[in-house]
């Protein structure tokens, strides 16, 4: 007898990954199904951090979370804000 397993949707996996990382919004760079479709691997980036989260496709449980800072050179908003501040002070 074959078991019927209900899997979470890709959008549910994204929401659970954001929740696991304690992040409200992010740009998703990659989303893959691994282990024969039983595990989601989601990579996403905020302005300051890059995350990789593993979500069990059947239970929705976050099984792992890895993160590291985005290089400062790629902080577009940080540099843009500082440039605008300098321009408004000198004006």
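In the numbering used here, the protein residues as written are 11 to 101. We treat Cβ as the ideally placed atom computed from N, Cα and C, and that holds for glycine. Just so you know, these numbers come straight off a predicted model, no measurement behind them.
So, at 6 Å on beta carbons, what are the nonlocal neighbours of residue i in its own chain, with the 5 sequence-adjacent residues on each side left out?
i          : result
residue 66 : 73
residue 62 : 53, 76
residue 40 : 53
Check whether the Cβ atoms of residue i and residue j lie closer than 7 Å to each other.
i          : j          : result
residue 31 : residue 52 : no
residue 58 : residue 80 : yes
Around the C-beta of residue i, are 16 or more other C-beta atoms found within 10 angstroms, so that it is buried, or is it exposed?
i           : result
residue 24  : buried
residue 78  : exposed
residue 68  : exposed
residue 101 : Since pLDDT at residue 101 reaches only 49, below the 50 mark, its modelled position is unreliable, and the value read off the structure follows with that caveat. Residue 101 should be labelled exposed.
Counting only the same chain and skipping the five closest in sequence on each side, list residues whose C-beta sits under 8 Å from that of residue i.
i          : result
residue 19 : none
residue 49 : 43, 64, 65, 66, 67, 73
residue 22 : 70
residue 36 : 28, 54, 55, 56, 61
Give me the residue from the options with the minimum Cα distance to residue i.
i          : options        : result
residue 33 : 62, 64, 82, 56 : 56
Quiz item: Between the stretch 68-85 and the stretch 33-45, do three or more beta carbon pairs fall short of 8 Å?
Solution: With a cut-off of 8 Å, the stretch 33-45 and the stretch 68-85 do not count as touching, because too few Cβ pairs lie within range.
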